[in-house]
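In my numbering, the protein residues as written are 1267 to 1616.
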């Protein structure tokens, strides 16, 4: 019995620990078993050393958000109670929503500025990576790098009027898996409370850029200003087959409500109407399946025409790497603020 107790004590003492901020901006330690294996900081001595510093007395920094609970990143939560907080999932500063049609046949509008705001101090993407990367496991960093290499904003997904959170979750999961970073939700019917299940999306919403709109007109106006053409899915004869479209140009794919389909307003405002050829007795797909087919074909067509789907510049890749590193965990935000504090102190003293 004594030997068993000794073994248990030894096992518990060997668990790695990670730093997290408490409401006083000091760092406490909790067992790593509370986290997914891929979401923890690498438990090395430099991480723990940095974690023991506090934010007491930081001048001009305002990390109040670090004391708040992060919004639930389930799709159901984002679409209902936390809709207004979805933007908090995005960390690097965003560009103005409206653009001047900057997208073209080579690429599309990129949403991020090269800076992360820490109170009155700003960090570039390179500084964010310098601060955070040493505290992440190498496997996680490599995963981010592979994902960013195949990411694109040249195709985005728009879901209009959907009421089943499971369908939206499945569409988000497909978008992430296929390298489509930007997704838009228009007038979600939150009055219907379906059972949301995070396992449907597998947490994909954490890594996507999600924007919400009240009407198709509002959404399409912004997307067109960014250089996108609007392609609504439709079942009538006057549509273009998705196999006859050139997907190398920035395109917003719009899928509609489970029962009604695309609204008349969205159809009227779209640039073209497209369809997936079908040869069975049933003339429609489940909306999440249709979204997956559309996005998969778009990525395949772009790869055939351009050599790859991912089309970010090196500077954009670095910014998106910084964005993912900041989304990695609340500890990443804490470390970035600590880096900004040292940067500010250095500039003040020099």
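Virtual Cβ for every residue (Gly too), placed ideally from N, Cα, C.
Here the structure is a predicted model, which is why all the values come from computation and not from measurement.
Practice task
On a CA-only basis, which of 1537, 1559, 1530 and 1531 is nearest residue 1543? Give me that one, please.
Solution key: 1559
Problem - Sheet register partners of residue 1378 (DSSP bridge) - result: 1360
Handout entry: Inter-stretch contact at 8 Å, needing at least 3 Cβ pairs: the segment 1559 to 1569 / the segment 1397 to 1407
Key = no
Handout entry: Inter-stretch contact at 8 Å, needing at least 3 Cβ pairs: the segment 1416 to 1431 / the segment 1608 to 1615
Key = no
Handout entry: Inter-residue spacing [alpha-carbon to alpha-carbon] between residue 1446 and residue 1434
Key = 15 Å
Handout entry: Strand pairing of residue 1499, partner residues [DSSP]
Key = 1540
Exercise for the section: Just grab the DSSP bridge partners of residue 1517 for me. Expected result: 1421 and 1495
Handout entry: Reduced DSSP category for residue 1551 - H, G, I as helix; E, B as strand; rest coil
Key = coil
Exercise for the section: Quick one: residues in its chain with C-beta nearer than 7 Å to the C-beta of residue 1280, no 5 flanking neighbours on either side, listed in chain order? Expected result: In this predicted model, residue 1280 has a pLDDT of only 45, less than 50, meaning its place in the structure is not dependable enough to derive any value.
Practice task
Taking only the alpha-carbon atoms, compute the straight-line gap between residue 1606 and residue 1388 and give it to the nearest angstrom.
Solution key: 7 Å
Exercise for the section: Locate the beta strand (DSSP E) running through residue 1475, then write down its first and last residues. Expected result: 1475 to 1479
Practice task
Identify every residue that forms a DSSP beta bridge with residue 1383.
Solution key: 1388
Exercise for the section: For residue 1501, count neighbouring Cβ atoms within 10 angstroms of its own Cβ and tell me buried if that reaches 16, exposed if not. Expected result: exposed
Practice task
Keeping to the same chain, check which residues put their C-beta closer than 6 Å to that of residue 1539; ignore five residues upstream and five downstream.
Solution key: 1498, 1500 and 1505
Handout entry: Simplified DSSP state of residue 1598, which is helix, strand or coil
Key = helix
Exercise for the section: For the alpha helix (DSSP H) holding residue 1435, just list the boundary residues, first then last. Expected result: 1431 to 1444
Exercise for the section: Answer with buried or exposed for residue 1570, where buried requires no fewer than 16 other C-beta atoms within 10 angstroms of its C-beta. Expected result: exposed
Handout entry: Residue closest to residue 1478, alpha-carbon to alpha-carbon, out of 1378, 1583, 1428 and 1555
Key = 1428
Problem - residue 1591: first and last residue of the uninterrupted alpha helix (DSSP H) it sits in - result: 1580 to 1593
Handout entry: Secondary structure of residue 1427, DSSP reduced to three states
Key = coil
Exercise for the section: Below 8 Å on the Cβ atoms is my guess for residue 1486 versus residue 1535; work out the distance and round it to an integer in Å. Expected result: 5 Å
Exercise for the section: Give the single residue among 1384, 1545, 1359 and 1594 whose Cα lies nearest to the Cα of residue 1409. Expected result: 1594
Exercise for the section: Could you check what DSSP says for residue 1612 in three-state terms: helix, strand or coil? Expected result: helix
Exercise for the section: Compare the beta carbon distance of residue 1471 and residue 1438 with 8 Å and say whether it is the shorter of the two. Expected result: yes
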